[in-house]
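Going by the working numbering, the first residue of the sequence shown is number 20, and it counts up by one from there.
Backbone N, C-alpha and C define an ideal beta-carbon position, used for all residues, glycine too.
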Amino acid sequence: MHGELDNVYATLLHLEKVENTKIDLLICCGDFQAVRNENDLESLNLKTKYRRMNSFWKYYSGQEVAPFPTIFIGGNHEASNHLYYGGWAAPNIYFLGFAGVIKFGNIRIGVYNAQHYHLGHYERPPYNEKDIRSICHVHEYNVYKLMQVQEPIDIFISHDWPVGITNQGNSKQLVHFKPNFEQEDNTLGSKAAADLLERLKPPYWCSAYLDCKVAASVQHGEKGPVTKFLALDKCLPGRKSLQILEIDSEHGPYEIHYDEEWLAITRKYNSIFPLSRNTTCLGCVSLNYDLSKLILFTFSYLYACSLGSSIYLYMLSYVEFNDGPLWQSRNPQTVCLLQFLELPYLLDVLDETEESRESKHDRIPFTSKRNPQFTAELIAEGRLGLFRPRARTPTPGTINVTNYRDNIYQTLEAAMNRLLQKKTVFGTQNTADRVSQAAEYLADGCCLMTYM
Numbered sequence: 020m021h022g023e024l025d026n027v028y029a030t031l032l033h034l035e036k037v038e039n040t041k042i043d044l045l046i047c048c049g050d051f052q053a054v055r056n057e058n059d060l061e062s063l064n065l066k067t068k069y070r071r072m073n074s075f076w077k078y079y080s081g082q083e084v085a086p087f088p089t090i091f092i093g094g095n096h097e098a099s100n101h102l103y104y105g106g107w108a109a110p111n112i113y114f115l116g117f118a119g120v121i122k123f124g125n126i127r128i129g130v131y132n133a134q135h136y137h138l139g140h141y142e143r144p145p146y147n148e149k150d151i152r153s154i155c156h157v158h159e160y161n162v163y164k165l166m167q168v169q170e171p172i173d174i175f176i177s178h179d180w181p182v183g184i185t186n187q188g189n190s191k192q193l194v195h196f197k198p199n200f201e202q203e204d205n206t207l208g209s210k211a212a213a214d215l216l217e218r219l220k221p222p223y224w225c226s227a228y229l230d231c232k233v234a235a236s237v238q239h240g241e242k243g244p245v246t247k248f249l250a251l252d253k254c255l256p257g258r259k260s261l262q263i264l265e266i267d268s269e270h271g272p273y274e275i276h277y278d279e280e281w282l283a284i285t286r287k288y289n290s291i292f293p294l295s296r297n298t299t300c301l302g303c304v305s306l307n308y309d310l311s312k313l314i315l316f317t318f319s320y321l322y323a324c325s326l327g328s329s330i331y332l333y334m335l336s337y338v339e340f341n342d343g344p345l346w347q348s349r350n351p352q353t354v355c356l357l358q359f360l361e362l363p364y365l366l367d368v369l370d371e372t373e374e375s376r377e378s379k380h381d382r383i384p385f386t387s388k389r390n391p392q393f394t395a396e397l398i399a400e401g402r403l404g405l406f407r408p409r410a411r412t413p414t415p416g417t418i419n420v421t422n423y424r425d426n427i428y429q430t431l432e433a434a435m436n437r438l439l440q441k442k443t444v445f446g447t448q449n450t451a452d453r454v455s456q457a458a459e460y461l462a463d464g465c466c467l468m469t470y471m
C-alpha cells in the first residue's frame with residue numbers, strides 16, 4: 020500500500036457500492052508503511068528522497084477510522100521500530116508482527132515477513148544504514164516457529180514469493196511484464212517461504228514484493244490439497260493492486276483474536292530467542308515442553324487478552340509515550356502480551372548473555388488488586404516509568420498513580436464482562452475471576468511502560 024490508505028479505502032468503498040458486495044477484511048501483504056511521525060520516517064527502509072508521511076498518521080491519531088478491519092505485514096520498505104509480536108497499529112488496523120497466526124472469525128491467518136537468515140534479531144533502534152535493511156529480512160527463528168504449527172492455516176501471507184511459484188503459473192506472461200525475471204533461473208523468491216508452503220499447505224497464499232500480479236495453483240502431491248497463490252501489484256493508478264476474494268467461513272462475528280496455538284509456540288520458544296549476530300542453530304535445541312499443555316494455558320486467559328481494539332482505543336485516548344527518543348519506549352501492547360504469557364521483555368537487550376537477560380531484565384511480577392501501591396513503588400524505585408498523559412490530563416508529576424491504574428482496570432473489566440454476556444468462554448467455573456485477573460494484568464501493562 021506504501022502508505023496510500025486513503026486511496027485504497029476509497030476504492031474499496033466504491034467497489035462495495037458498484038458491485039453490491041460487502042468487504043469484511045482488508046489484507047495488505049507488506050510495504051504498508053505505518054508512519055506515525057518523523058521519528059518513524061527515520062526508521063523507514065527507503066532513500067530519504069522517497070520518504071513521505073502519506074496518510075497512516077490520520078488513522079493513528081483518530082482523525083480517520085478504517086472502514087474495514089485491516090491486517091497487514093511488513094515488507095522491505097517499512098518503519099521497523101514497533102510491535103515485533105504484532106498488535107493494533109491504529110483503531111481497526113492490526114499488524115501481524117514479524118511472524119504469527121491470528122484468527123478472524125473462524126479463519127486462521129498466518130504471516131511470515133521477509134539474507135541475514137541464520138543470524139539473530141540483533142538490530143536495535145536507532146538503526147544504522149545496514150540495520151535498517153537487515154531488520155526487514157527473514158530470520159530463521161521466525162520460520163522455525165511457524166514450522167511448529169499443527170492446526171490448519173486458511174490464509175497465509177508473506178511479502179516475498181515462495182521460490183518456484185512462477186513455475187506453477189503463467190511464467191511466459193510474467194516474463195512479458197518483467198523481462199528481468201527470465202534471468203533468475205528458478206531462484207526468484209524465498210526458499211524459506213517455499214518450505215513453509217510445503218509444510219503448511221494453506222488453501223490460500225498471498226504475497227507482494229515483486230510489484231506485479233501473478234496467480235498460480237500449487238498441487239501438494241497427487242491427491243493432496245491445492246494452494247491458490249496470488250500476488251498483486253503496488254497501489255498506483257492503472258495497476259492491478261486490489262482483488263476481492265470470497266472465502267468460505269462461518270457467519271460472524273468477524274473479529275480479530277489471538278490464536279492459542281501460536282501463543283503457546285511463542286511461549287515455548289521465547290527462551291531461545293536469538294538476540295545477537297551469532298549464527299543460530301535452532302534445530303540443535305531440545306525443549307522439554309508439552310505444547311498441548313501450553314495451548315491450554317494460553318486458552319485459559321485468551322479471551323480477555325484478545326480485546327486488543329478496546330484496549331488500544333482506551334490507551335490512545337488517555338496516554339502516550341514518555342519523554343525521550345521514541346526508540347527507548349516499550350509498546351504497551353507488547354508489555355501486556357508478554358505479561359500475559361509470563362515472559363520477560365527481551366527486545367531491548369543489547370546482547371543475549373544469560374547475565375543480561377536475568378539481571379537487567381528480570382520479569383516484573385504481576386500485581387494484585389490488594390496491593391495498589393505496587394505501581395507507585397516501582398516508579399519510586401526508578402525501575403519503571405509512567406506514560407506521558409496528553410495535555411488534557413494531569414502531568415506525571417501530579418497524577419495519582421493508584422486512581423489512574425484503578426480507572427484503567429475498571430474500564431477493561433467492564434468491557435470484558437459486556438463481551439462475556441455475548442459469548443460462552445472457557446467453560447470453567449472461574450470465568451469471572453479470570454476476567455478480573457486479566458483486567459488487572461492489562462491495567463498494569465497500560466500503566467507501566469519503560470525502564471527510566
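Query, Result
"Rounded separation between W107 and L261 - CA only", "23 Å"
"Boundaries of the beta strand (DSSP E) in which S268 is found, first to last residue", "From DSSP, S268 is part of no beta strand (DSSP E); its letter is neither H nor E."
"Limits of the unbroken alpha helix (DSSP H) element including A212", "K210 to L219"
"Proximity to P86 [Cα-Cα], best of E361, F114, E35 and L356", "E35"
"Per-residue burial, T246 [other beta carbons within 10 Å of its own, 16 or more giving buried]", "buried"
"Alpha carbon of P244 to alpha carbon of K68, nearest angstrom", "46 Å"
"Span of the beta strand (DSSP E), counted from its first residue to its last, around S177", "I174 to S177"
"Beta carbon of F473 nearer than 8 Å to that of L365", "Here the chain comprises residues numbered 20 to 471, so residue 473 is not present and cannot be evaluated."
"Which listed residue (S74, F123 and L45) has its alpha carbon closest to that of E269", "F123"
"C-beta contact flag for Y103 and T285 at 8 Å", "no"
"Same chain, Cβ closer than 7 Å to L24, neighbours up to 5 away in sequence not counted", "S74, F75 and Y78"
"The alpha helix (DSSP H) enclosing W281, as first and last residue numbers", "E279 to Y288"
"Rounded straight-line distance, which links the Cα of K253 to that of N350", "30 Å"
"Span of the alpha helix (DSSP H), counted from its first residue to its last, around L249", "Premise fails: L249 lies in the beta strand (DSSP E), V245 to A250, not in any alpha helix (DSSP H)."
"Cβ of Q52 within 8 Å of any chain B Cβ", "In the structure shown, chain B cannot be found, because there is only a single protein chain."
"Best match in V182, Q82, N111 and L264 for proximity to K41 [C-alpha to C-alpha]", "L264"
"Close-in-space but distant-in-sequence residues of the same chain around L31 (CB under 6 Å, 5 per side omitted)", "I42"
"Backbone CA spacing between K164 and V37 [nearest angstrom]", "42 Å"
"Nearest candidate by alpha-carbon position, reference T185, set E57, Q52, V237 and E274", "V237"
"Host beta strand (DSSP E) of V233 (start-end)", "V233 to Q238"
"Reduced DSSP category for A29 - H, G, I as helix; E, B as strand; rest coil", "helix"
"Residue closest to T89, alpha-carbon to alpha-carbon, out of R70, L60, E279 and I121", "I121"
"P363 to S290 span [Cα, whole Å]", "9 Å"
"Between the CA atoms of P222 and G240 - distance to the nearest angstrom", "14 Å"
"C-alpha gap between E179 and G129, whole angstroms", "A small correction: the amino acid at residue 179 is Asp; Glu does not occupy that position in the sequence shown. Computed Cα separation, rounded: 14 Å."
"Segments assigned alpha helix (DSSP H), at least 4 residues, entirely inside the stretch 51-119", "57-61 and 75-80"
"Local Cβ density within 10 Å of G81, reported as buried at 16 or more and exposed below that", "exposed"
"Proximal residues to R71 (C-beta, below 7 Å), its chain only, five neighbours per side dropped", "G22"
"Straight-line Cα distance separating L44 from I92", "14 Å"
"Cβ neighbour criterion (16 or more within 10 Å) applied to E57", "exposed"
"Per-residue burial, V84 [other beta carbons within 10 Å of its own, 16 or more giving buried]", "exposed"
"Three-way DSSP call (helix, strand, coil) for I184 in this model", "helix"
"Cβ-Cβ distance between D59 and R127 below 8 Å", "no"
"Identity of the residues DSSP links to L365 by a beta bridge", "Bridge partners of L365: none, in fact."
"Proximity to S177 [Cα-Cα], best of A235, Q169, L115 and V27", "L115"
"K122 - partner residues in DSSP beta bridges", "R127 and H276"
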